[in-house]
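Asks:
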Amino acid sequence: MEILVCVKRVPDTAENEIEVNRDGSDIERDDLVYSVNEWDNYAVEEAIQLRDKVGGSVTVITVGDDESEEVLRREMAMGADNGLLLCDDAFEGSDGKGIASLLKAAVEKGKYDLILSGALADDGAGQVGGMLAAMLDYPYASLVNKIEVADGKLKVGREIEGGNQEMNEIQLPCVLSIQTGINEPRYVGIRGIRKVASVEIPQHGATDLGVDPTAVGAAGAKVKRVDYFVPDMGEGAEMLEGSTEEITAKLIELLKAKGGLK
Amino acid sequence: MADIYAYITYKGGVADDSSLELIAAAKKLDAGAAVTAIVTGSGADLDKVADDMAASYAKVLKFNLDALAYPNAEVVRNLMVNVLPADAIVLVSHDTFGMDLGPGLSIKLESTFIADVVDIEGVDGGSLKVIRQEYSGMVSTHVTGDISTGAVINIRPGAFAPDESKSAGGSVEDKSADAGDLTAQRTFLEIVEAEVGDVDITKSDVLVSVGRGIEDEENIEIAEELAKAMGAVVSCSRPIVDAKWLEKSRQVGTSGQTVKPKVYMACGISGSFQHLGGIKGSPFIVAINKNVKAPIFQVADVGIEVDILEFLPELTDAINEL
Ligand SMILES: Cc1cc2nc3c(=O)[nH]c(=O)nc-3n(C[C@H](O)[C@H](O)[C@H](O)COP(=O)(O)OP(=O)(O)OC[C@H]3O[C@@H](n4cnc5c(N)ncnc54)[C@H](O)[C@@H]3O)c2cc1C
Ligand SMILES: Cc1cc2nc3c(=O)[nH]c(=O)nc-3n(C[C@H](O)[C@H](O)[C@H](O)COP(=O)(O)OP(=O)(O)OC[C@H]3O[C@@H](n4cnc5c(N)ncnc54)[C@H](O)[C@@H]3O)c2cc1C
C-alpha cells in the first residue's frame, strides 16, 4: 500500500508560552521551539505499522518553508521512506483550502492508495484532510482511531462523542484524519535523526506542481486572519498567594466549605 | 444576505443543544434572517425533531430516507449539495459530525469554510468577521471570510448562548423527494460503545483530575495519594489516556465522560474546550497550573500558580495532618 501522510510544523506548546506580539499581527515567534503537530505523529506511526503489515511505502509531505524540512526528517527517522517538501514564496499566507489544493496537486503527481492527515493542528481548524478528500473525490473519515485492512477496502473506527466508536467501511483510495491515541508513536532518538540527515528531500514549487500562484497563498485566500489578541474573559479565578503553608491552609478551608474533603 | 441554513443533529428524538445555539449564531450573522433548519433521518424520531424545530426555525426541511437513518457525513453532504442553493450560508455544529461534514461540504459547494467559530462580529458586504481560537485557546484571532459565494461555518458547541425564544412559528416541509442521488463510498456499520472501567468517575463528588502537567507515568501516584487523603477519585485529561497512563473511563471531556462533581481539582490541565465540555453542573473548580496564562484560570473559581509535582504532595501532607 502506497501511503502519503500530511504533516505540519507547529510551535511546540509544551515548550513555549504562546504570546501575542506587540502589534497583534502574529504570535511572538522569536525563540519559539517547533515540532511536528502532535496528531501527525500518530498518523505517521499508523502508516508505518500498516506498511510493515501489508507492504508498500510511506511518504511524508508538508507545505512549508526551508525549515519545515526538519519535521520531514524527524518523521523519516521514525520510519517513513520518503519526504516531500512543497515550498514556494507564493504559498505563504495560504488558508486551509490553499494548503489542501497544494496537497492535491502533489497527490496527483504520485500514486497513493491511502492519504492520512492529523485530525487537528495548531490553528485548530481540522479542515485540511476533509478538503483534500473532497477535492480528489475520495471518500473521507475524520477522527479515525482504528484502521483494519480488508481487501480493497478499509474498516475504520471514528471516535465520536462520549468515547464511543463509529465503525465504517470505506473504499480505497481514501483520506483519513487520525485522532490521538490510535497507537503509541515510537520514540525518535538522535541516532535515528542522524541516519536520515543527509537524505535528499525533493522540493516542489508552484511551477513543478502546475498550480496557479495567484490561486494559493495570501492572494488566493478567502479566509484571512486579521489579528491575534487575548480576550478579556472577566475576572477569572481568585488566585491564592503566599507561602506554600498559607496557600494549602486557604485551599483546605475552601475545600472543606465546598464539600471537597471527607 | 444569502439564505442561512442550519443542520440539526439529534439523538433519540431529541435535538442536540447545538440546535438552539446555531439559531443564536444565525441571528448574529443577520438579525432579521428567516433561518431554515435541515433535519435528516427516518421514522418517528425525525418527525418529532422536525416538529420541535419549527418552534425555533422559520422553515424546516425534512428528509425522510433510509439512506439517512444514520448521519453518515458523506451521505448528508451529497444531500446538501443536491438541495442547497450555491450561495447558501450553512451553519454546522463543530462536533465530531460537523468536523466530518464541514470541510468537504465547503469544497463541494465551492464556498468558504470557517472552522470552530466562537463568536461572530458581523458582516460587512460579502465579508464576515468572526472570532476563533488557536493553540488550544491560548490566543484568539479575528478572522474574515469572503462569504459572497456562500459559506460553511462550523460553530463551536457551547460558545453561543442558546436562543430559547421558540417564537419562530415555522413550518415543516417534507422534501424527501428532492434528495437526489445519495450514493456514498463510505458505509456506516455500527457503533461500538466505550468500555466501562473499574471506577465510575461520574459518581464521584470530588475529582482530582490530572493533565499533561503531571509529566510522567510515575507521578500519577502523587494524584492518587492526594485523592486518597481527600476521599476523592482520580480523573484525567485526554493526553493521559492517550499515553495509557490511566484508563479511558477516567477521561473527562467531550470524547470521554461527562462529570458533575461538587469539587473539581484541575491539576496541570490547560482547559481546552473539549475537556471543559465534560464538566457540568457548575462545580467549584480549583486550577493548579504553573502557567498563569493557561485558559483553565478563566473558568476556575480558585487558582494556584505552582508546579503540581511540588505542590500536590505538600497538600496531601497538610490534609493528612488534619
Ligand atoms: C505566516 C502565516 C500566515 C497565514 N495566513 C493565513 C491566512 O491569511 N488565512 C488563513 O486562513 N490561514 C493562514 N495561515 C494558516 C495556515 O495556512 C494553516 O496552515 C492552514 O489554515 C491549515 O492549518 P490548520 O492548523 O487549520 O490545519 P488543520 O486542518 O487543523 O490540520 C489538520 C491536518 O492537516 C494537515 N496539514 C495542515 N497544514 C499542513 C501543511 N502546511 N502541510 C501539510 N499538511 C498540513 C496535517 O496533517 C494536519 O494534521 C497562516 C499561517 C502562517 C504561518
Ligand atoms: C475531537 C477531539 C476530542 C477531544 N476530546 C477530549 C476530551 O474528551 N478530554 C480532554 O481532556 N481532551 C480532549 N481533546 C484534546 C484537547 O484538545 C486537548 O489537547 C487536551 O485537553 C489537553 O490536555 P491537557 O490540558 O492535559 O494538556 P495541555 O494542553 O498540554 O496542558 C498541560 C498544562 O499543564 C501545565 N503544566 C505543565 N507542567 C506542569 C507542572 N509541573 N505543574 C503545573 N502545571 C504544569 C501547562 O502549563 C499546561 O497548561 C480532544 C480533542 C479533539 C480534537
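In order, the protein sequence lines correspond to chains A and B.
Taken in order, the first sequence gives residues 930 to 1191; the numbers are from this note's numbering.
Taken in order, the second sequence gives residues 17 to 338; the numbers are from this note's numbering.
Glycine included, every Cβ here is placed at the ideal spot set by N, Cα and C.
A quick note: this is a predicted structure, and the numbers were derived from the prediction, not measured.
Could you list which residues in chain A have their beta carbon closer than 7 Å to that of T203(B), in chain order?
Replies: Neighbours of T203(B) on chain A, chain order: N1097 and E1098.
Asks: Relative to the C-alpha of L1065(A), which residue among L1072(A), N1093(A), A1079(A) and L1032(A) is closest?
Replies: Comparing Cα positions, the closest option is L1032(A).
Asks: Which residues in chain A sit within 9 Å of S253(B), going by Cβ to Cβ distance?
Replies: Near S253(B) there are no residues of chain A at all, since even the closest Cβ is about 11 Å away, more than 9 Å.
Asks: So does the segment 139 to 157 of chain B actually touch the segment 1071 to 1091 of chain A, counting three or more Cβ pairs closer than 8 Å?
Replies: No contact exists between the segment 139 to 157 of chain B and the segment 1071 to 1091 of chain A.
Asks: Just mark P101(B) as buried or exposed, buried being the case when its beta carbon has 16 or more other beta carbons within 10 Å.
Replies: Looking at its Cβ environment, which holds fewer than 16 other Cβ atoms inside 10 Å, P101(B) is exposed.
Asks: Find the nearest neighbour of D1137(A) within the set L1061(A), R1087(A), I1119(A) and V1036(A), judged by alpha-carbon distance.
Replies: Cα-wise, what sits closest to D1137(A) is V1036(A).
Asks: So what does DSSP say about R1154(A), is it helix, strand or coil?
Replies: Three-state result, R1154(A): strand.
Asks: Using three-state DSSP, classify E241(B) as helix, strand or coil.
Replies: Residue state, collapsed to three classes: helix.
Asks: Could you check where the beta strand (DSSP E) with T52(B) kicks off and where it finishes?
Replies: Unbroken beta strand (DSSP E) run through T52(B): T52 to G57.
Asks: On a CA-only basis, which of S143(B), Y151(B) and G166(B) is nearest V159(B)? Give me that one, please.
Replies: Comparing Cα-Cα distances from V159(B) to each of S143(B), Y151(B) and G166(B), the minimum goes to S143(B).
Asks: If you draw a straight line from the C-alpha of I54(B) to the C-alpha of S251(B), how long is it?
Replies: So the alpha carbons of these two residues sit roughly 38 Å apart.
Asks: Nearest chain B C-beta to L1190(A) closer than 7 Å, yes or no?
Replies: L1190(A) counts as touching chain B.
Asks: For P329(B), go through chain A and note every residue whose CB falls closer than 7 Å to its CB, in chain order.
Replies: Near P329(B) there are no residues of chain A at all, since even the closest Cβ is about 11 Å away, more than 7 Å.
Asks: Give a single yes or no on whether P255(B) has its beta carbon closer than 6 Å to a heavy atom of ligand 2.
Replies: Within the cutoff, so yes.
Asks: Going along the chain, which residues of the segment 1131 to 1154 of chain A sit with their C-beta nearer than 7 Å to a C-beta in chain B?
Replies: Answer in chain order: K1151, V1152, K1153 and R1154.
Asks: Return the residue from the list L1013(A), S986(A) and D1017(A) that minimises the CA-CA distance to V936(A).
Replies: For V936(A), the nearest C-alpha among the options comes from L1013(A).
Asks: Please determine, among D258(B), K264(B), C283(B) and Y23(B), the residue with the shortest C-alpha to C-alpha distance to I230(B).
Replies: Of the candidates D258(B), K264(B), C283(B) and Y23(B), the one whose C-alpha sits nearest the C-alpha of I230(B) is C283(B).
Asks: Taking G294(B) as the reference, give the member of N307(B), K306(B), Q314(B) and Q273(B) with the closest Cα.
Replies: The residue with the shortest Cα to Cα distance from G294(B) is Q273(B).
Asks: If you run the structure through DSSP and keep just helix, strand and coil, what is R266(B)?
Replies: Reduced to three states, the DSSP call for R266(B) is helix.
Asks: With a cut-off of 7 Å, does the C-beta of Y289(B) fall near any C-beta of chain A?
Replies: The amino acid at residue 289(B) is misidentified as Tyr; the sequence shows Phe. No, because no Cβ of chain A sits closer than 7 Å to the Cβ of F289(B).
Asks: What does the alpha-carbon distance come out to for the pair I207(B) and I947(A)?
Replies: I207(B) and I947(A): Cα-Cα distance of roughly 38 Å.
Asks: Looking at the structure shown, is I1111(A) part of a helix, part of a strand, or coil, going by DSSP?
Replies: Coil.
Asks: If the cut-off is 9 Å on Cβ atoms, which residues from the segment 101 to 119 of chain B count as contacting chain A, listed in chain order?
Replies: From the segment 101 to 119 of chain B, only H110, D111, T112, F113, M115, D116, L117, G118 and P119 have a Cβ closer than 9 Å to chain A.
Asks: Decide if the segment 119 to 135 of chain B is in contact with the segment 168 to 187 of chain B; the criterion is three or more beta carbon pairs, one per stretch, under 8 Å apart.
Replies: A contact exists between the segment 119 to 135 of chain B and the segment 168 to 187 of chain B.
Asks: To test your reading of the DSSP string, which unbroken beta strand (DSSP E) runs of 3 or more residues are found completely within the segment 944 to 1009 of chain A?
Replies: The segment 944 to 1009 of chain A contains these whole beta strand (DSSP E) runs: 963 to 965 and 986 to 992.
Asks: What did DSSP end up calling G1059(A) once you bin it into helix, strand or coil?
Replies: G1059(A) falls in the helix class under three-state DSSP.
Asks: Are the beta-carbon atoms of V168(B) and G118(B) separated by less than 7 Å?
Replies: Contact: yes.
Asks: Name the DSSP bridge partner or partners of V1078(A)?
Replies: According to DSSP, which records beta bridges pairwise, V1078(A) is partnered with L1083(A).
Asks: Does the CB of S156(B) have a neighbour CB from chain A at under 7 Å?
Replies: So, interface residue.
Asks: Could you name the residues of the same chain whose beta carbon sits closer than 8 Å to that of A1126(A), not counting the 5 residues immediately before and after it, in chain order?
Replies: Closer than 8 Å at Cβ, skipping near neighbours: R1002.
Asks: Measure the beta-carbon distance from Y280(B) to S225(B) and round it to whole angstroms, keeping in mind my assumption that it falls under 8 Å.
Replies: Yes, they are in contact, since the Cβ atoms of Y280(B) and S225(B) sit about 6 Å apart, within 8 Å.
Asks: Quick check on this structure: which residue in C1103(A), M1060(A) and G1055(A) has the alpha carbon closest to the alpha carbon of R148(B)?
Replies: Selected option, being the one with the closest Cα: G1055(A).
Asks: In the DSSP assignment, find the unbroken alpha helix (DSSP H) run with N336(B) in it and report its ends.
Replies: Run containing N336(B): I324 to N336, per the alpha helix (DSSP H) assignment.
Asks: V212(B) and V249(B) look like a contact to me (Cβ under 8 Å); what is the Cβ gap, rounded to whole Å?
Replies: Going by Cβ atoms, the distance from V212(B) to V249(B) rounds to 15 Å, so no, they are not a contact pair.
Asks: Tell me the rounded alpha-carbon separation between L125(B) and K278(B).
Replies: Approximately 46 Å, taken between the alpha carbons.
Asks: Pull up the distance between the alpha-carbon of G196(B) and that of L95(B), whole angstroms please.
Replies: For G196(B) and L95(B), the distance between alpha carbons rounds to 7 Å.
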